[in-house]
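A.B. asks: First the structure, which I've put down as structure tokens, then a few questions once you've had a look.
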Amino acid sequence: MTKDQVKSTLALTLEDQQLSRSEREALRQVFEPLRDAVGPLELRRLAFEVAREAVRDPGDGGILEWLEALLKLVDRLEPKPDGLVAEAYFSPQDECWRQIVLRLDGASQRVDICVFTITDDRLSDAIIAAHRRGVVVRVITDDEKAENEGSDIDRLHQAGIPLRTDRTRHHMHHKFAIFDNGLLLNGSYNWTRGASLYNEENFIVTDERRLISAYSKAFEQLWNQLG
Numbered sequence: 024m025t026k027d028q029v030k031s032t033l034a035l036t037l038e039d040q041q042l043s044r045s046e047r048e049a050l051r052q053v054f055e056p057l058r059d060a061v062g063p064l065e066l067r068r069l070a071f072e073v074a075r076e077a078v079r080d081p082g083d084g085g086i087l088e089w090l091e092a093l094l095k096l097v098d099r100l101e102p103k104p105d106g107l108v109a110e111a112y113f114s115p116q117d118e119c120w121r122q123i124v125l126r127l128d129g130a131s132q133r134v135d136i137c138v139f140t141i142t143d144d145r146l147s148d149a150i151i152a153a154h155r156r157g158v159v160v161r162v163i164t165d166d167e168k169a170e171n172e173g174s175d176i177d178r179l180h181q182a183g184i185p186l187r188t189d190r191t192r193h194h195m196h197h198k199f200a201i202f203d204n205g206l207l208l209n210g211s212y213n214w215t216r217g218a219s220l221y222n223e224e225n226f227i228v229t230d231e232r233r234l235i236s237a238y239s240k241a242f243e244q245l246w247n248q249l250g
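Printed below as a string of structure tokens:
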């Protein structure tokens, strides 16, 4: 569709100076394929051209109402901004463990956890609760730490949660988790009581897509490698 054709289509909807529900739906179907070729900014410019050409009287308030309704429709074509969540937490003052539990409790589809060790029962309880309500949970952890006294890894295994550990003399030292493939938690914070009570630790929480994609890829590679 050419720009002149777009203008003609817009002009048709302006004849009664209203944008009905059926016209909105029709325009949405016209605009959607033009998202990349034309773009919201150019559609706005064309809408203003149509409105300017139609104005004959300064009192033509209906045209402005039509334009406002049309621009709201165009705004829906804009991609949602990325990285709306950008939070930082510091232990021991910020109760980091509680922030992790909140994310686990809020998960509805899947949680991928890749951490050095898990000894904090509050976190283990939340992991098991997520698993029991149908969330797909996977855990990667360090093999040596999994055998340590106080480790909750065996408890998670007994609950039926899929687990994988490294099998080298080196450590699996990551500390990150991905919730519903839409939220990343990453930092120095070990999932332990000591980290929550005494250690100077930190983590960030973000929904930045590029970071989530990178960490998801790293998790999948490690999961497959340890399978």
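Going by this note's numbering, the first residue of the sequence shown is number 24, and it counts up by one from there. All C-beta atoms in this analysis are idealised placements derived from N, C-alpha and C, irrespective of residue type, glycine included.
Quick one, which of 166, 167, 120 and 131 has its alpha-carbon nearest residue 147's?
C.D. replies: The residue you call residue 147 lines up with position 124 of the sequence shown. Comparing Cα positions, the closest option is 120.
A.B. asks: Considering Cα atoms alone, identify which of 142, 42 and 90 is closest to residue 219.
C.D. replies: Sequence index remark: in the sequence shown, residue 219 carries index 196 (1-based). Considering only alpha carbons, the answer is 142.
A.B. asks: Leaving out the 5 sequence neighbours to the left and right, which residues in its chain are closer than 6 angstroms to residue 110 when beta-carbon positions are compared?
C.D. replies: As a working mapping, residue 110 is identified with position 87 in the sequence shown. For residue 110, where only same-chain residues beyond five positions count, the Cβ hits under 6 angstroms are 228.
A.B. asks: Quick one: complete alpha helix (DSSP H) runs, 4+ long, within the region 164-206?
C.D. replies: Listed in chain order, they are 166-169 and 176-181.
A.B. asks: From this set, 162, 95 and 225, which residue's C-alpha is nearest residue 195's C-alpha?
C.D. replies: Along the sequence shown, read from residue 1 onward, the residue named residue 195 stands at position 172. Among 162, 95 and 225, the Cα nearest to that of residue 195 belongs to 162.
A.B. asks: State the start and end residues of the unbroken beta strand (DSSP E) segment that holds residue 138.
C.D. replies: As a first step, residue 138 must be located in the sequence shown, where it is residue number 115. 133-138 is the span of the beta strand (DSSP E), which, as asked, contains residue 138.
A.B. asks: Would you check if the distance between the CB atom of residue 30 and the CB atom of residue 69 is smaller than 8 angstroms?
C.D. replies: Within the sequence shown, numbered from 1, the residue matching residue 30 stands at position 7. Within the sequence shown, numbered from 1, the residue matching residue 69 stands at position 46. Their beta carbons are under 8 angstroms apart, which means residue 30 touches residue 69 by this criterion.
A.B. asks: So residue 53 is in the alpha helix (DSSP H); what residue range does that whole segment cover?
C.D. replies: Residue 53 sits at position 30 when you count from the first residue of the sequence shown. It spans 44-54 - the alpha helix (DSSP H) in which residue 53 sits, taken as one unbroken run.
A.B. asks: Is the number of C-beta pairs between the region 89-96 and the region 152-167 that are closer than 8 angstroms three or more?
C.D. replies: Because the criterion of three Cβ pairs below 8 angstroms is not met, the region 89-96 and the region 152-167 do not touch.
A.B. asks: Between the beta-carbon of residue 249 and the beta-carbon of residue 189, is there less than 8 angstroms?
C.D. replies: Residue mapping note: residue 249 aligns to position 226 of the sequence shown, counting from 1. Residue mapping note: residue 189 aligns to position 166 of the sequence shown, counting from 1. Cβ distance < 8 angstroms, so residue 249 and residue 189 count as in contact.
A.B. asks: With DSSP run on the structure shown, which of helix, strand or coil describes residue 209?
C.D. replies: Position 186 of the sequence shown, counted from the start, is the residue given in the question as residue 209. Residue 209 falls in the strand class under three-state DSSP.
A.B. asks: Mind the definition here: the region 175-186 touches the region 195-209 only if three or more C-beta pairs lie below 8 angstroms; say whether that holds.
C.D. replies: No, the region 175-186 does not touch the region 195-209.
A.B. asks: Should residue 139 go down as buried or exposed, given a rule of 16 or more other Cβ atoms within 10 Å for buried?
C.D. replies: To locate residue 139, count along the sequence shown from 1; it is residue 116. Buried, because 16 or more other Cβ atoms sit within 10 Å of the Cβ of residue 139.
A.B. asks: Could you check the C-alpha separation between residue 203 and residue 85 for me, to the nearest Å?
C.D. replies: To locate residue 203, count along the sequence shown from 1; it is residue 180. To locate residue 85, count along the sequence shown from 1; it is residue 62. Their Cα atoms are separated by approximately 45 angstroms.
A.B. asks: Considering Cα atoms alone, identify which of 37, 39, 33 and 41 is closest to residue 52.
C.D. replies: Against the sequence shown, residue 52 aligns to sequence position 29. Taking only the C-alpha atoms, the option nearest residue 52 is 33.
A.B. asks: Is DSSP giving residue 112 helix, strand or coil here?
C.D. replies: As a first step, residue 112 must be located in the sequence shown, where it is residue number 89. Strand at residue 112.
A.B. asks: By a C-beta neighbour count over all protein chains shown, 10 Å radius and 16 as the cutoff for buried, is residue 160 buried or exposed?
C.D. replies: Taking the first residue of the sequence shown as 1, we reach residue 160 at position 137. Answer is buried; the Cβ neighbour count reaches 16.
A.B. asks: Apart from the five residues just before and just after residue 234, which ones in its own chain have a Cβ nearer than 7 angstroms to its Cβ?
C.D. replies: As a working note, residue 234 is residue 211 in the sequence shown. Only 207 meet the Cβ criterion.
A.B. asks: Opposite residue 214 in the DSSP bridges: which residues?
C.D. replies: Mapped onto the sequence shown, residue 214 falls at position 191. Answer is 141, bridged to residue 214.
A.B. asks: Could you check the C-alpha separation between residue 149 and residue 174 for me, to the nearest Å?
C.D. replies: Locating residue 149 in the sequence shown gives position 126, counting from the first residue. Locating residue 174 in the sequence shown gives position 151, counting from the first residue. Answer to the nearest angstrom: the Cα atoms are 15 angstroms apart.
A.B. asks: What residues match up with residue 224 in a beta bridge as DSSP calls it?
C.D. replies: Position 201 of the sequence shown, counted from the start, is the residue given in the question as residue 224. Residue 224 is bridged to 114.
A.B. asks: I need the boundaries of the alpha helix (DSSP H) containing residue 25, first residue and last residue.
C.D. replies: As a working mapping, residue 25 is identified with position 2 in the sequence shown. From DSSP, residue 25 is part of no alpha helix (DSSP H); its letter is neither H nor E.
A.B. asks: What is the DSSP secondary structure of residue 156, reduced to helix, strand or coil?
C.D. replies: Numbered from 1 along the sequence shown, position 133 holds the residue referred to as residue 156. Coil.
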